[in-house]
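Colleague: Going by our numbering, the sequence shown runs without a break in its numbering and finishes at 414.
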Amino acid sequence: MSDQGTRQGGGVRAILTRRSLLKGTAMAAGALAAGPLLQACGPAAGPQASSGPLKLGVLVPLSGVYSGLGQDMVQGMQLYLDSINNEIAGRKVQIIQEDSEAKTDVAPTKARKLLDQDKVDLVTGIVHSGVALALRDLFDSTKNILIISNAGADDVTGAKKSKYIFRTSFSNSQTTYPAGPWVFNNIGKKAALSAPDYAAGKEMMNGFKRTFTEAGGEVVFEVYPPLGNNDYQPFLTQLQQANPEVIFSFYSGSDAVRFVQQYEQFGLKGKIPLAGAGFMTESDVLPQQGAAAEGIRTSLHYTYLLDTPENKKFVEAYQAKFNELPSVFALQAYDATQLIDAAIKTTQGNTSDKDKLVEALVNASITSPRGPFKIDPDTHNPIMHIYMREVQKVGDDMGNVVIADLGEAKGPS
Ligand code: PHB
2 MSDQGTRQGG GVRAILTRRS LLKGTAMAAG ALAAGPLLQA CGPAAGPQAS SGPLKLGVLV
62 PLSGVYSGLG QDMVQGMQLY LDSINNEIAG RKVQIIQEDS EAKTDVAPTK ARKLLDQDKV
122 DLVTGIVHSG VALALRDLFD STKNILIISN AGADDVTGAK KSKYIFRTSF SNSQTTYPAG
182 PWVFNNIGKK AALSAPDYAA GKEMMNGFKR TFTEAGGEVV FEVYPPLGNN DYQPFLTQLQ
242 QANPEVIFSF YSGSDAVRFV QQYEQFGLKG KIPLAGAGFM TESDVLPQQG AAAEGIRTSL
302 HYTYLLDTPE NKKFVEAYQA KFNELPSVFA LQAYDATQLI DAAIKTTQGN TSDKDKLVEA
362 LVNASITSPR GPFKIDPDTH NPIMHIYMRE VQKVGDDMGN VVIADLGEAK GPS
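1. Using CA coordinates, which residue listed in Thr282, Asp232, Leu407 and Phe167 is at the minimum distance from Asp436?
2. From Val124 to Ile148, what distance separates their C-alpha atoms?
3. If I follow the unbroken alpha helix (DSSP H) through Lys375, where does it start and stop?
4. Return the bridge partner residues of Asn401 from the DSSP annotation.
5. Do Val261 and Gln290 have their C-beta atoms closer together than 9 Å?
6. Would you give the residue range spanned by the beta strand (DSSP E) that Asp100 belongs to?
7. Between the alpha carbons of Val316 and Val286, how many angstroms are there, rounded?
8. Can you grab the Cα-Cα spacing for the pair Ser84 / Ser150, in whole Å?
9. For ligand 1, I want to know if Leu60 counts as a neighbour, meaning its beta carbon is within less than 8 Å of at least one of the ligand's heavy atoms.
10. Can you give me the C-alpha to C-alpha distance between Val403 and Gly279, rounded to a whole angstrom?
11. Lys56 bridges to which residues according to DSSP?
12. Who are Ala1's beta bridge partners in DSSP?
13. Which runs of the alpha helix (DSSP H), 4 residues or longer, sit entirely within the segment 121–178?
14. Does the segment 191–209 come into contact with the segment 247–261, if we say contact requires no fewer than three beta-carbon pairs (one atom in each stretch) closer than 8 Å?
15. So, using beta-carbon positions, are Asn401 and Thr309 closer together than 9 Å?
16. Roughly how many whole angstroms lie between the Cα atoms of Ala112 and Leu407?
17. Could you please give the first and the last residue of the uninterrupted alpha helix (DSSP H) stretch that includes Leu1?
18. Compare the C-beta of Asp141 against all C-beta atoms of chain D and say whether one is closer than 9 Å.
19. State the Cα-Cα distance for the pair Ala196 and Ala90, rounded to the nearest angstrom.
20. Please work out which residues of its chain come closer than 6 Å, Cβ to Cβ, to Ala243, disregarding the five sequence neighbours upstream and downstream, and give them in chain order.
21. Got a sec: does ligand 1 put a non-hydrogen atom nearer than 8 Å to the Cβ of Gly254?
22. Counting beta carbon pairs with one atom in the segment 58–71 and one in the segment 252–270, are three or more of them shorter than 8 Å?
23. Which residue's Cα is closest to the Cα of Val363: Arg371, Tyr388 and Ala337?
24. Of the choices Tyr264, Gly218 and Pro227, whose alpha-carbon is the least far from that of Leu240?
25. Any idea which residues DSSP pairs Thr299 with across the strands?
26. Within its chain, find whatever has a CB closer than 7 Å to the CB of Ser328; leave out the 5 residues flanking it on each side and keep chain order.
27. Out of Gly202, Tyr199, Thr158 and Gly218, which has the shortest C-alpha to C-alpha gap to Gly181?
28. Kindly examine ligand 1 and report whether one of its heavy atoms sits closer than 8 Å to the Cβ of Leu70.
29. Report buried or exposed for Pro227, applying the criterion of at least 16 other Cβ atoms within 10 angstroms of its Cβ.
30. Quickly, what does DSSP pair Glu409 with across the bridge? List them, please.
31. Determine the burial state of Glu215: buried for a count of at least 16 other Cβ atoms within 10 Å of its Cβ, exposed for fewer.
32. By the three-class DSSP mapping on this structure, what secondary structure does Val184 have?
33. Would you say the segment 153–163 touches the segment 100–110, given that touching needs at least three Cβ pairs under 8 Å?
34. Which value, in whole angstroms, describes the spacing of the CA atoms of Tyr165 and Lys394?
35. Helix, strand or coil, according to DSSP, for Gln40 in the structure here?
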């Protein structure tokens, strides 16, 4: 059995799923060439309507550094759609999925295909901040609705917010600014920062840096390796030489697996505490990181260990269907699908009047497994709690145990 098969909750027999196999390949090879997990079905492209199939365009990476995140998002959507018999306001849901490859030069072409050729009713997905920024004007100017279920680019719900763009995930700095004072008070006063060299990495580090320095902390060093990196040794050498009391990082997908494993191999684990944005130790990567991740403290709006009745139900249903524990990425896509369901029920299946649909999305209320959750009517970004979590052994697995509730956090406006 591969280490993928250990991504299980207590009592559920570990078996390899198709996804585990795909993901194992992706992590080993650094790339994944998988076909759509959900095939387009039913009749070919037709006009947008209030009856007939409801076409959801799903744009996620199924190859490259973030392929595992894309797969989790598809699974989160599948779980919710199953629970409503794949039907919203009397319309059968038809998923049309495209691989964004998490590339800013690929995703816009795929988005245009979904809008112009497939004539989808709305689009959801998007993992990479650069892709979200590259799509912003397309959706804004054509008045098409985009529900982002991961990419955190601050501007998309901040300086460049759009009436037609919503997020069920987070804005990048929102996940880390609440951690600054906590890290200063509980871990160390001198920090070194490290994250991939693009918008998400920079914004998560800036969010942390602002509140950490306001609390009295000092940032002594920063380093930004390329996204999709294999060898962190040169960067770990520099981080160690800066002699910080804490290293604060963001990595995700295959980058997170490698960074956390190499942190231990390089001998830093146990010497300099590692903290960061919670994506670095989420359920998509924890089984492969294993004991190397133990003790890492991160901030995030979710962990499968959150103790709410809705989360227990969500985790149980997810495990029963996919034989693995849900990650924040699955949760965000599950909530995006819930939100779409609630809004389109309000418009009684009508998706052609985009302004009415926007209003319904703003007013929709859903019960998220993450706990308190509302869409900020001003920015369309979630208002929610951020938790400090620590990787600990939980039964036979590793899990992110909540060690502090950092309170309600808003995105930039
Ligand atoms: C992003 O690019 O916005 C991004 C990617 C992966 C994450 C979080 C944010 O885990």
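Beta carbons are placed, not taken as given, at the ideal position from N, Cα and C, and that holds for glycine. Keep in mind it's a predicted model, so treat the numbers as computed, not measured.
Modeller: Taking the coordinates as given:
1. The question about residue 436 has no answer here: the residues shown for the chain are numbered 2 through 414.
2. For the purposes of this step, residue 124 is identified with residue 123 of the sequence shown, where counting begins at 1. For the purposes of this step, residue 148 is identified with residue 147 of the sequence shown, where counting begins at 1. Cα-Cα distance, rounded: 6 Å.
3. Within the sequence shown, residue 375 is the residue found at index 374, counting from 1. Note, Lys375: premise wrong, no alpha helix (DSSP H); beta strand (DSSP E) at Phe374 to Ile376.
4. In the sequence shown, the residue the question calls residue 401 occupies position 400. Bridge partners of Asn401: Val392.
5. The residue given as residue 261 occupies position 260 in the sequence shown. The residue given as residue 290 occupies position 289 in the sequence shown. Yes.
6. Position 99 of the sequence shown, counted from the start, is the residue given in the question as residue 100. Here the beta strand (DSSP E) through Asp100 covers Arg92 to Asp100.
7. Translated into positions along the sequence shown, residue 316 becomes position 315. Translated into positions along the sequence shown, residue 286 becomes position 285. C-alpha separation (whole angstroms): 17 Å.
8. Along the sequence shown, one-based indexing puts residue 84 at 83. Along the sequence shown, one-based indexing puts residue 150 at 149. Between Ser84 and Ser150, the C-alpha separation is close to 19 Å.
9. Start at 1 with the first residue of the sequence shown, and residue 60 comes out as number 59. Every heavy atom of ligand 1 is 8 Å or more from the Cβ of Leu60, so no.
10. Locating residue 403 in the sequence shown gives position 402, where the first residue counts as 1. Locating residue 279 in the sequence shown gives position 278, where the first residue counts as 1. Using only the alpha carbons, I get a separation of about 11 Å.
11. Indexing the sequence shown from 1 puts residue 56 at position 55. In the DSSP output, where bridge partners are listed per residue, Lys56 has Gln95.
12. Residue 1 lies beyond the residue range present for the chain, which begins at 2 and ends at 414; the question has no answer from this structure.
13. 130–143 and 173–177
14. yes
15. For the purposes of this step, residue 401 is identified with residue 400 of the sequence shown, where counting begins at 1. For the purposes of this step, residue 309 is identified with residue 308 of the sequence shown, where counting begins at 1. No.
16. As a working mapping, residue 112 is identified with position 111 in the sequence shown. As a working mapping, residue 407 is identified with position 406 in the sequence shown. Their Cα atoms are separated by approximately 36 Å.
17. Given a span of 2 to 414 for the chain in the structure shown, any question on residue 1 remains unanswerable.
18. No chain D appears in this structure, which consists of one protein chain only.
19. On the sequence shown, residue 196 is found 195 positions in, with the first residue counted as 1. On the sequence shown, residue 90 is found 89 positions in, with the first residue counted as 1. Those two C-alpha atoms are separated by around 43 Å.
20. Taking the first residue of the sequence shown as 1, we reach residue 243 at position 242. Correct list, in chain order: Ala193, Val221 and Phe222.
21. Looking up residue 254 in the sequence shown gives position 253. Yes, the beta carbon of Gly254 sits closer than 8 Å to at least one heavy atom of ligand 1.
22. yes
23. Numbered from its first residue, the sequence shown carries residue 363 at position 362. The shortest Cα separation from Val363 among Arg371, Tyr388 and Ala337 belongs to Ala337.
24. In the sequence shown, the residue the question calls residue 240 occupies position 239. Of the candidates Tyr264, Gly218 and Pro227, the one whose C-alpha sits nearest the C-alpha of Leu240 is Tyr264.
25. Position 298 of the sequence shown holds residue 299. Note: Thr299 sits in a beta bridge opposite Gly277 and Arg390.
26. Here the question's residue 328 lines up with position 327 in the sequence shown. If we look at Ser328 and ignore the five residues flanking it on each side, its Cβ neighbours are Asp73, Glu283, Ser284 and Asp285.
27. Along the sequence shown, one-based indexing puts residue 181 at 180. Looking at the Cα atoms, Gly218 is the closest of the given residues.
28. Taking the first residue of the sequence shown as 1, we reach residue 70 at position 69. Under cutoff, so the answer is yes.
29. Counted from its first residue, the sequence shown places residue 227 at position 226. With fewer than 16 other Cβ atoms within 10 Å, it is exposed.
30. Locating residue 409 in the sequence shown gives position 408, counting from the first residue. The partner list for Glu409 (beta bridge, DSSP) reads His386.
31. Position 214 of the sequence shown, counted from the first residue, corresponds to residue 215. Burial call: exposed.
32. In the sequence shown, residue 184 corresponds to position 183, counting from 1. In this structure, Val184 counts as helix in the three-state DSSP scheme.
33. no
34. Numbered from its first residue, the sequence shown carries residue 165 at position 164. Numbered from its first residue, the sequence shown carries residue 394 at position 393. For Tyr165 and Lys394, the distance between alpha carbons rounds to 42 Å.
35. The residue given as residue 40 occupies position 39 in the sequence shown. Note on Gln40: pLDDT 38, under 50, position unreliable in the model; no value is reported.
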